[in-house]
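For the sequence shown, the numbering used here gives the first residue as 225, with consecutive numbering after it.
Yeah, the Cβ is synthetic: ideal placement off N, Cα and C, and Gly gets one too.
Working notes, beginning with the structure itself.
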Amino acid sequence: MSTSRQKILVFDSGLGGLTVYRAIRALRPDADYLYLGDDALFPYGALAPDVLIARVNTVIGEAMGDFAADCIVIACNTASTLVLPHLRARYTIPIVGTVPAIKPAASMTKTGMISVLATPGTVSRDYTQELIRDFAGGVAVTLVGSKALAGLAERALRGETIVDESIRAEIAPCFVEQDGKRTDVVVLACTHYPLLLVRFRRLAPWPVEWIDPAPAIARRVVQVIGESRVEGDGACRATFTAGVPAEASLLDALAVGGLRVISSAPAADAKGYTRG
Ligand code: DGL
Numbered sequence: 225m226s227t228s229r230q231k232i233l234v235f236d237s238g239l240g241g242l243t244v245y246r247a248i249r250a251l252r253p254d255a256d257y258l259y260l261g262d263d264a265l266f267p268y269g270a271l272a273p274d275v276l277i278a279r280v281n282t283v284i285g286e287a288m289g290d291f292a293a294d295c296i297v298i299a300c301n302t303a304s305t306l307v308l309p310h311l312r313a314r315y316t317i318p319i320v321g322t323v324p325a326i327k328p329a330a331s332m333t334k335t336g337m338i339s340v341l342a343t344p345g346t347v348s349r350d351y352t353q354e355l356i357r358d359f360a361g362g363v364a365v366t367l368v369g370s371k372a373l374a375g376l377a378e379r380a381l382r383g384e385t386i387v388d389e390s391i392r393a394e395i396a397p398c399f400v401e402q403d404g405k406r407t408d409v410v411v412l413a414c415t416h417y418p419l420l421l422v423r424f425r426r427l428a429p430w431p432v433e434w435i436d437p438a439p440a441i442a443r444r445v446v447q448v449i450g451e452s453r454v455e456g457d458g459a460c461r462a463t464f465t466a467g468v469p470a471e472a473s474l475l476d477a478l479a480v481g482g483l484r485v486i487s488s489a490p491a492a493d494a495k496g497y498t499r500g
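Below, the structure written as structure tokens:
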């Protein structure tokens, strides 16, 4: 067994990547982690593609200066569907992305009707269209771009009360009935959404399979960097570009995941970024 502790950088626009971080850490508790949330520019779902590509390159570059990761996980569909080629051209270490789980959904559906619940950015991507074309032939795919849901998930994790009606309205378009058939699989194509999964299940007009990609991403990380290699747990730190979060409920949620928040200068100035 090698004695070096591997380092994994998990990145998202905010708190959604925690769903992915937890799944990876469950498989590789020995690694050192840096969780990086670019909350100064949250939500990414509304950013223009060129702005998003430049921003992710900047914040990842600055984080890598302090934390020379052995693997970068882009725990954000909105970013992954655009920036993976750019990051792979820049770094030789494995870069694991998060893209809509359309292939497993298409093989799981019995009614031939699936929905993809994502940010407006992700549903508009060519990448998403290519996944549908390549893996969902013969399946009716409903793309649902929610403007509000990632923000609602953030607010819930920060301790705010979110009324059922706000959540119900966002998930409602996923449920389609046609010719006596109904949607039976919904892809959670934004890493924030599994944070609200208990409520989605309760508020759904009928039961469906909800696909949370986190376990598959975690297995992919282990596939590319290997199994645990040192004894004991690694150090787990979180940093946010908007500064140290003040909400006790969020700090508790991070602590449950073993994450200690460290302050750092905002990785890049959030001013001057325009919304698409
Ligand atoms: N968590 C991100 C995703 O998986 C996006 C949330 C946002 O910043 O809009 O797409």
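For residue i, does the count of other Cβ atoms within 10 angstroms reach 16, so buried, or fall short, so exposed?
i    : result
M225 : Residue placement at M225 cannot be trusted, given a pLDDT of 48 that sits under 50; what the coordinates show is reported in the next sentence. The residue is exposed, with fewer than 16 neighbouring Cβ atoms inside 10 Å.
P418 : buried
W434 : buried
Q230 : buried
T333 : buried
G456 : exposed
E384 : exposed
V468 : exposed
D263 : buried
A299 : buried
G321 : buried
E394 : buried
G450 : exposed
I172 : Outside the modelled stretch of the chain, which goes from 225 to 500, sits residue 172, for which no answer is possible.
S304 : buried
I'd like the span of the beta strand (DSSP E) that includes residue i, first residue to last.
i    : result
I486 : Counting along the chain, I486 falls outside any beta strand (DSSP E), and DSSP gives it neither H nor E.
A342 : 337-342
G404 : Looking at the DSSP string, G404 is not in any beta strand (DSSP E), and its letter there is neither H nor E.
Going straight from the alpha carbon of residue i to that of residue j, what length do you get?
i    : j    : result
R279 : T366 : 30 Å
I284 : R252 : 22 Å
A330 : A255 : 34 Å
R382 : R312 : 33 Å
L446 : A428 : Just to set this straight, residue 446 is Val in the shown sequence, not Leu. Distance between the alpha carbons of V446 and A428 is about 33 Å.
F235 : T343 : 17 Å
S228 : G458 : 11 Å
V432 : D408 : 5 Å
F291 : E401 : 49 Å
L308 : R392 : 32 Å
V340 : V368 : 6 Å
V504 : L306 : In this structure the chain extends from 225 to 500, so residue 504 is not present and cannot be described.
L171 : Y259 : Residue 171 is absent from the model: the chain starts at 225 and stops at 500.
F464 : L233 : 13 Å
V323 : G238 : 17 Å
R444 : R349 : 23 Å
L420 : R246 : 15 Å
G241 : G261 : 8 Å
Checking the sheet assignment: what are the DSSP bridge partners for residue i?
i    : result
R461 : L258, R484
T366 : S339
K231 : D256
L412 : L341
I319 : I296
E378 : Note: E378 sits in no beta bridge, so no partner.
D236 : G261
I435 : V411
Could you spell out where the alpha helix (DSSP H) holding residue i opens and where it closes?
i    : result
I356 : 350-359
D290 : 273-290
K327 : 326-332
E389 : 388-395
V422 : 421-427
A303 : 301-314
Y245 : 242-251
Regarding residue i and the ligand DGL, is the C-beta to nearest heavy atom distance less than 7 Å?
i    : result
P267 : yes
A372 : no
S237 : yes
T507 : The chain is shown from 225 up to 500; residue 507 falls before or after that span and cannot be answered.
C300 : yes
G240 : yes
C398 : no
H416 : yes
T352 : no
T366 : no
T346 : yes
T316 : no
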